[in-house]
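Q: There's a structure below that I have some questions on.
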Amino acid sequence: YDHKEAGAAAEAAWNAKFQAYAAAFPADAAEYTRRFTGGLPANWKDAFPRFTPADKGLATRQFSEKALNAAATVFPELVGGSADLTPSNLTHLTMTGDFQKDTPVGR
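As structure tokens, this is what we get:
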């Protein structure tokens with residue numbers, strides 16, 4: 003069975019709907035497009051902390067925690083987790099709640 007014709011029609015319908023959505027909600031459409039094309043937010047590098055050799059040393063997991071939380075401020079699509087090891091390996095995103103059945107708005 004050849005699905006090319008049906009697929010082309012479905013794609014055309016989707017594109018028309020997305021164009022209408024983009025006209026009504028340009029910022030949201032741009033963000034959707036950025037995420038699904040692998041683009042990076044403007045000035046994303048500015049969100050990350052800078053460290054120098056003069057800074058106090060930290061454990062690798064502490065540097066990772068700082069980087070993850072910085073990334074979470076500019077990448078709304080970032081999700082992660084570590085279940086019961088979160089307190090140990092410091093993967094908790096401090097700016098969001100936990101994604102749970104009763105709190106589906108977290109990451």
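The numbers in the numbering used here rise by one with no breaks, and the one at position 20 of the sequence shown is 22. Don't be surprised by glycine CBs; every beta carbon is placed ideally from N, CA and C.
1) Quick check: the region 67-85 against the region 49-56, are there 3 or more CB pairs under 8 Å?
2) For my contact list, residue 93 and residue 83 are in at a C-beta cut-off of 8 Å; report their separation, rounded to the angstrom.
3) Round the Cβ separation of residue 28 and residue 36 to the nearest angstrom and send it over; I've been treating them as touching at under 8 Å.
4) If you draw a straight line from the C-alpha of residue 72 to the C-alpha of residue 49, how long is it?
5) Could you compute how far the alpha carbon of residue 103 sits from the alpha carbon of residue 81?
6) Compute the distance between the beta-carbons of residue 95 and residue 74, then report whether it is under 8 Å.
A: Reading from the atomic positions:
1) yes
2) 7 Å
3) In fact, because the Cβ distance is near 12 Å, the residues do not count as touching under 8 Å.
4) 6 Å
5) 16 Å
6) yes
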